[in-house]
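Under our numbering, the first residue of the sequence shown is numbered 46, with each subsequent residue one higher. By construction, the Cβ of each residue, glycine as well, lies at the ideal position given by its N, Cα and C atoms. As structure tokens, the structure follows; a few thoughts come after it.
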Amino acid sequence: MNEFFGSVWWLIVTLGLLVTFHEFGHFIVARWFGVKVLRFSVGFGKPLWMRRDRHGTEFAVAAIPLGGYVKMLDEREGEVAPAELDQAHNRKPVLQRMAIAAAGPAFNLVFTVLAFWLMFVVGKPDFLPIVASPSGIAAEAGMLAGDRITAVNGDAVDSWSKALQKLGESAIGRMDARVEVVTAGNGSATRTFAFSQMPANVGEDQLFDRIGLSLAPRERPAVVGRISDGDPAAQAGIQVGDRILRINDREVNGFSDIETIIPEEAA
């Protein structure tokens, strides 16, 4: 349920950003051409917040976050004072009105380009290079379930995709790869992947199968979702929303760790 509301929240935030950029395009170009903007609203319906600037424009955030609008001075929508006729939208040349109309979509395009640029600059989520069930060359090299790859041929790796990329480069060149790992017991070890011993008839499309690495499933944090009255957890003062990090100085990464540790500690 929390994930559902979280998704709805981010949908509203994203829609709000898109609407704001779109309407800002209309707004800023209208101002540029001397059109008086009466209201800039993000959302429809009753305003939840409103402020008027020195130009007489009302900036509002309304109750229904499903769009927005820019209201401009226009004789077709009401009487306009003679002193403000030169600021009316309908009195502007056709090309200026076309530019005002096109500015919204143009700003959405700018927003999209910026969003993609930020994705590449900031990065994207990836899995940690933790091994699940090694086979093939990885098993022959001594890789074990739970090993976390930290470097390949001296190059540090911090993600699953980067580890596979480095291993793939060595495999394609039929060069042995020196793989440094942190073991499940927090020790360190070096494994050698003997790519030089692969048969010559193994094609590039078969290399990753021959490497024999599979990704360990990402564990969800051990966050308490429900507690019943009288449970030992309740008696210990644990509350809904608490995240369990350690049990008797043993690290907890997820619920599977709890299922393993508690019986061992109780024995």
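Decide if the region 247-256 is in contact with the region 225-234; the criterion is three or more beta carbon pairs, one per stretch, under 8 Å apart. no
Nearest neighbour of L111, chosen from Q141, R142, E68 [CA to CA]: E68
Is the beta carbon of H71 less than 8 Å from the beta carbon of I145? yes
Measure the C-alpha to C-alpha separation of T158 and T65 and round it to an integer number of angstroms. For the sequence presented, residue 158 should be read as Val rather than Thr. The straight-line gap from Cα to Cα measures roughly 16 Å.
Could you say which of G113, L154, F238 lies nearest to S180 if we only look at CA atoms? F238
Simplified DSSP state of K228, which is helix, strand or coil: Residue identity check: residue 228 is Thr in the sequence provided, not Lys. Coil at T228, not helix or strand.
Cβ-based burial, P174 [other Cβ within 10 Å; buried from 16]: buried
So what's F78 in DSSP terms, helix, strand or just coil? coil
Beta-carbon gap between N88 and G113 smaller than 8 Å: Reading off the sequence, residue 88 comes out as Gly, not Asn. Yes; because the gap between Cβ atoms is below 8 Å, this pair is in contact.
With H, G and I counted as helix, E and B as strand and the rest as coil, what does DSSP make of D131? helix
Spatial distance of S86 from F161 (CA atoms): 26 Å
Opening and closing residue of the alpha helix (DSSP H) in which S206 lies: 205-217
Output the boundary residues of the alpha helix (DSSP H) element that contains I182. 181-185
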